[in-house]
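Residue numbers (our numbering): 49 to 307.
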Ligand code: COA
């Protein structure tokens, strides 16, 4: 079964995360597919706007597939996995065409970061959001925080990352991270209407303004990436990271030690 699809209808390229049994949690292979499908949609002259969504009505995406972490995201492989994450986020962030996330249900962790890598985000009222790395002992790359702080004030970003708690669509809209929140029954129509409006506009102007806005919003010159990457690596090498995965698999609360 294909776990991520690209479908082109009229001028809209729709990329769908398609693993509904796992709430569209992304496997290592799916992370690798994201840049390929974004590149395919970007290269296709018919496509003027790209929409990202999740299959089914329970989730946009519940984040990275935790069941793979022990194998695919530990030791020396953690850096490779992070690279795959970064390539997926950057493919969307650097895409020349406008991108929109259509969010219903859970939008968690890496799934939320994918949505944050698109230009616009529309969510259903029932959608729920979290950034749970601190509940799993995960390292969180500084590059992933950059698109969040472009939209939300640092105190909101800190609250989400410190607690790992679940937030409603209205709260996340108040944090500045959503364009519109609508009734679930109207979400697809609202996304289509917005995508169709944008698709009718001049592509070169869209590329021009997107590039200008992203360039002006960038503000990470003062970051010491080496030091930040070391803080991230330390998490992936920790006992707490292993405890986070064990607790998820055993459906219990983790006990963290700071080691
Ligand atoms: N990775 C792997 N599998 C996941 C997953 C993830 N991130 N999120 C959900 N799943 C799987 C569950 O293990 C379950 O599989 P099973 O049917 O084989 O047991 C299935 O998806 C349905 O999830 P379930 O937990 O039974 O649904 P729920 O409604 O009780 O809870 C969530 C939904 C989203 C609250 C819960 O699945 C969850 O906390 N997921 C992890 C979210 C997370 O921490 N993501 C960040 C990863 S970095």
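Even glycine gets a Cβ: it sits at the ideal position worked out from N, Cα and C.
Alpha-carbon to alpha-carbon, residue 150 and residue 55: On the chain shown, residue 55 is found 7 positions in, with the first residue counted as 1. On the chain shown, residue 150 is found 102 positions in, with the first residue counted as 1. So the two alpha carbons sit approximately 15 Å from each other.
Continuous beta strand (DSSP E) stretch holding residue 63: start and end: Residue 63 sits at position 15 when you count from the first residue of the chain shown. Element bounds for residue 63: 60-65.
CB contact flag (residue 179, residue 204, <8 Å): Position 131 of the chain shown, counting from 1, holds the residue named residue 179. Position 156 of the chain shown, counting from 1, holds the residue named residue 204. Their beta carbons are not under 8 Å apart, which means residue 179 does not touch residue 204 by this criterion.
Member of 217, 193, 141 whose CA lies at the smallest distance from the CA of residue 152: Counting from one through the chain shown, the residue named residue 152 turns up at place 104. The shortest C-alpha to C-alpha distance from residue 152 to any of 217, 193, 141 is the one to 217.
Own chain, CB closer than 6 Å to residue 319, minus 5 neighbours either side, in chain order: Residue 319 falls outside the range modelled here, since the chain spans only 49 to 307, and no answer is possible.
Option in 174, 189, 175 with minimal Cα separation from residue 181: The count along the chain shown starts at 1 and reaches residue 181 at position 133. Closest by alpha carbon: 189.
Residue 68 CB to nearest heavy atom of the ligand COA below 7 Å: Position 20 of the chain shown, counted from the start, is the residue given in the question as residue 68. No, Cβ of residue 68 sits at least 7 Å from all heavy atoms of the ligand COA.
Local Cβ density within 10 Å of residue 202, reported as buried at 16 or more and exposed below that: As a first step, residue 202 is located in the chain shown; it is residue number 154 there, counting from the start. Exposed, since its Cβ has fewer than 16 Cβ neighbours within 10 Å.
Closest by C-alpha distance to residue 257, when choosing among 143, 136, 279, 76: For the purposes of this step, residue 257 is taken as residue 209 along the chain shown, with counting starting at 1. Considering only alpha carbons, the answer is 143.
Heavy atom of the ligand COA within 7 Å of residue 115 beta-carbon: Taking the chain shown and counting its residues from 1, one reaches residue 115 at position 67. Yes, the beta carbon of residue 115 sits closer than 7 Å to at least one heavy atom of the ligand COA.
Of the residues 298, 289, 88, the one placed nearest residue 307, counting alpha carbons only: Along the chain shown, one-based indexing puts residue 307 at 259. For residue 307, the nearest C-alpha among the options comes from 289.
C-alpha distance - residue 304 paired with residue 298, whole-angstrom precision: Residue mapping note: residue 304 aligns to position 256 of the chain shown, counting from 1. Residue mapping note: residue 298 aligns to position 250 of the chain shown, counting from 1. Going from the Cα of residue 304 to the Cα of residue 298 covers about 15 Å.
Endpoints, the beta strand (DSSP E) within which residue 228 is located: Counting from one through the chain shown, the residue named residue 228 turns up at place 180. Unbroken beta strand (DSSP E) run through residue 228: 228-230.
Residue nearest to residue 237 in terms of C-alpha spacing, selected from 171, 270, 155, 284: The count along the chain shown starts at 1 and reaches residue 237 at position 189. Of the candidates 171, 270, 155, 284, the one whose C-alpha sits nearest the C-alpha of residue 237 is 171.
Distance cut-off 7 Å: residue 154 Cβ against heavy atoms of the ligand FMN: This structure lacks the ligand FMN; its bound ligands are the ligand COA.
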